[in-house]
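Okay, so the sequence shown: first residue is 12 according to my numbering, each after it adds one. Even glycine gets a Cβ: it sits at the ideal position worked out from N, Cα and C. These numbers were taken from a predicted model, which means no experiment stands behind them. First up is the structure itself, then whatever we jot down about it.
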Amino acid sequence: DEESDLYDALHSPKRRKLMCTAHYIHQTLYVEGKDSDITVDILNKHWKLHKVYLGQSQYFNSMFSGGWNESNKSLIKIEVEDPNITLEAVDKVFSSFYLDEISVEPCTVIGVLAASTMFQLEGLIEQCCEIMLETISPITAVQYHQAACNYGTQKVKEKVIEWFLVNLTDYFVKNTSRLQDIDIDLMSTLVNHPDLCVIQSEMTLYNLLKKWVYCRLNPTSDSKADYTAEMEKFFRNYESNGCFLLSDVGLDYMRVFRQLRLVHLLLHCQDHDAVAQDRIIPESWLLTAYKRQWLTLLGVAASVDKGPESLDEKYFNEHCLRCGRVICDGDNRSWRWNWFSFGIDLVWSIVDKALMLGRQRLQFDYAIRPSDHALIMQVEVMNLDPKRQIKKRQKTEPSRIVLSRNQ
């Protein structure tokens, strides 16, 4: 009956968390240090703690249960050489031993990660990584990458590199003051990566690298400063003979510029003139690119080159023409990348959120160009959130297509 059900309900346990318990433990044992049996001296501050709580750390557990000199001492001193480990970070880590949850601000998460790594707290390390993954942005990306390399958080490192691959040639072109913080190893990884998103053309990437080197050698905090004239003078007059990359300073940057696809820098007369006048890249590199381009043009003019015959994905990723565009919501437009002129005139269009590709043929083309031309293409579209992290991403596989006249 109804009352029987009510009596049965009285014997059904209802679990409720006593919110004051953790607070009491933290306040009494950690903050006040009541009944402390161990004092830890770090960064010239003494923490009155408890071995039973410190045992949650593999570092302290090994210390107290092993043959360490500190095993039976009531005062232990720990030397800290990592500058990322601050008093605030140590306080966060030690207080976590006495709490059932911890609050970490993104601005201090690297310090907490450093201290957690030192004391071998896998759970706290994981929480720090989650915070970092959520807060990758233009103002945190470089520091997070450095921290990920220092403390072996591979997941964070991969996510930060993914963020850079999307934003390098867009955000950092407009915010050059942050370029100087990108180290040579990271930049080399990005420029050589097959998933690098290059806005506009390879020339955009070249100009970015030029600004990057200049900013690293001439640091500035003014993101709006126009130093174009000074930069051009710096490189063009760097040495009376040779080029920048062959100088003592330039050798450090050579491996980054080696990753550029030089043949794609020489698709327009103005771009060629700019690269030659900058005197950054050795002439021997350019001569190799000139030869390849010239042979390609001869093949097109003789109707021998009709595009790739087969798909080699590895070769495609290493040699494809990288070009991108920023599309705003609601845009309906058409464009062509004018420097792409090897026997085929491609017109790209956005209509009602659909991407279309067509080939145009001018009257004089009919006499000198083959009717059909093959190309291999891959299209990737992505949408970014306010932190410039990827919200949605779609990517096709590389595919070979053949376009006829006006198709």
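Buried/exposed call for residue i, threshold 16 Cβ in 10 Å
| i | result |
| --- | --- |
| valine 63 | exposed |
| valine 171 | buried |
| asparagine 95 | buried |
| alanine 365 | exposed |
| phenylalanine 375 | With a pLDDT of 48 at phenylalanine 375, under the threshold of 50, the modelled position of that residue is not reliable, and the figure given next carries that caveat. When all chains shown are included, phenylalanine 375 counts as exposed. |
| tryptophan 346 | exposed |
| isoleucine 291 | buried |
| glycine 163 | exposed |
| glutamine 138 | buried |
| proline 123 | A small fix is needed here, since residue 123 is valine in this sequence, not proline. Label assigned to valine 123: buried. |
| aspartate 342 | exposed |
| alanine 312 | exposed |
| glutamine 191 | buried |
| tyrosine 41 | buried |
| tyrosine 326 | exposed |
| serine 314 | exposed |
| asparagine 178 | buried |
| isoleucine 412 | exposed |
| valine 362 | exposed |
Host beta strand (DSSP E) of residue i (start-end)
| i | result |
| --- | --- |
| asparagine 394 | 391-395 |
| valine 413 | 410-414 |
| arginine 404 | 401-406 |
| isoleucine 387 | 384-388 |
| leucine 366 | 365-371 |
Nearest-angstrom Cα separation, counted from residue j out to residue i
| i | j | result |
| --- | --- | --- |
| isoleucine 422 | aspartate 263 | The structure shown does not extend to residue 422, since the chain is modelled only from 12 through 418, so no value can be given for it. |
| histidine 37 | serine 47 | 13 Å |
| aspartate 86 | alanine 159 | Per the sequence shown, residue 86 should be read as leucine rather than aspartate. C-alpha separation (whole angstroms): 33 Å. |
| threonine 39 | valine 153 | 40 Å |
| alanine 240 | alanine 126 | 46 Å |
| alanine 378 | arginine 399 | Low local confidence applies: a pLDDT of 48 at alanine 378 is under 50, so the model's placement there is unreliable, with the coordinate-based value given in what follows. Alanine 378 and arginine 399: Cα-Cα distance of roughly 48 Å. |
| histidine 7 | glycine 134 | What is shown of the chain runs 12 to 418, which leaves residue 7 out entirely. |
| aspartate 259 | proline 319 | 41 Å |
| glutamate 213 | leucine 273 | 8 Å |
| glutamine 288 | serine 106 | 60 Å |
| leucine 65 | phenylalanine 108 | 7 Å |
| serine 82 | tyrosine 35 | 28 Å |
| arginine 269 | aspartate 356 | 29 Å |
| arginine 189 | phenylalanine 183 | 7 Å |
| tyrosine 301 | histidine 330 | 15 Å |
| aspartate 316 | cysteine 226 | 42 Å |
| leucine 176 | glutamate 324 | 19 Å |
| proline 149 | leucine 132 | 28 Å |
| leucine 201 | proline 409 | 21 Å |
| tryptophan 348 | tryptophan 359 | 9 Å |
| serine 199 | histidine 275 | 18 Å |
| lysine 59 | valine 337 | 56 Å |
| arginine 404 | methionine 393 | 4 Å |
| aspartate 340 | leucine 322 | 33 Å |
| valine 51 | asparagine 80 | 14 Å |
| glutamate 173 | glutamate 145 | 13 Å |
| glycine 310 | arginine 370 | 19 Å |
| glutamate 250 | leucine 297 | 19 Å |
| methionine 242 | glutamate 99 | 41 Å |
| serine 295 | phenylalanine 245 | 22 Å |
| glutamine 67 | glutamate 43 | 20 Å |
Residue i, enclosing alpha helix (DSSP H) - first and last residue
| i | result |
| --- | --- |
| aspartate 356 | Careful: aspartate 356 lies outside any alpha helix (DSSP H), inside the beta strand (DSSP E) at 356-362. |
| serine 107 | 98-107 |
| tryptophan 346 | Element bounds for tryptophan 346: not the alpha helix (DSSP H) but the beta strand (DSSP E), 344-346. |
| arginine 227 | 213-228 |
| glutamine 131 | Unbroken run through glutamine 131: none, as it is neither H nor E. |
| valine 202 | 195-202 |
| lysine 398 | Note, lysine 398: premise wrong, no alpha helix (DSSP H); not H, not E. |
| asparagine 328 | 324-330 |
Assumed close pair residue i, residue j - CB separation to whole angstroms, cut-off 8 Å
| i | j | result |
| --- | --- | --- |
| phenylalanine 130 | valine 104 | 6 Å |
| leucine 271 | tyrosine 238 | Actually they do not touch by this definition, with Cβ atoms about 22 Å apart. |
| histidine 61 | isoleucine 49 | 7 Å |
| lysine 402 | glutamate 391 | In fact, because the Cβ distance is near 14 Å, the residues do not count as touching under 8 Å. |
| leucine 220 | valine 267 | 6 Å |
| arginine 333 | leucine 207 | 7 Å |
| isoleucine 142 | valine 115 | 6 Å |
| histidine 156 | lysine 168 | 6 Å |
| isoleucine 147 | aspartate 181 | Incorrect: roughly 15 Å between the Cβ atoms, too far for contact. |
Contact test: residue i Cβ vs the ligand SAM heavy atom, cutoff 7 Å
| i | result |
| --- | --- |
| isoleucine 292 | Although the ligand SAM was asked about, the structure shown includes no ligands whatsoever. |
Whole runs of the beta strand (DSSP E) within the stretch 45-90, excluding any shorter than 3 residues: Counting only runs of 3+ residues, the beta strand (DSSP E) found wholly inside the stretch 45-90 occupies 49-53, 56-60, 86-89, in chain order.
Runs of alpha helix (DSSP H) lying entirely within the stretch 248-318, each at least 4 residues, in chain order: Counting whole runs of 4 or more residues, the stretch 248-318 contains the alpha helix (DSSP H) stretches 265-268, 280-289, 294-312.
Ordered list of alpha helix (DSSP H) runs contained in the stretch 136-209, each at least 4 residues: The qualifying runs are 152-162, 165-178, 182-185, 195-202.
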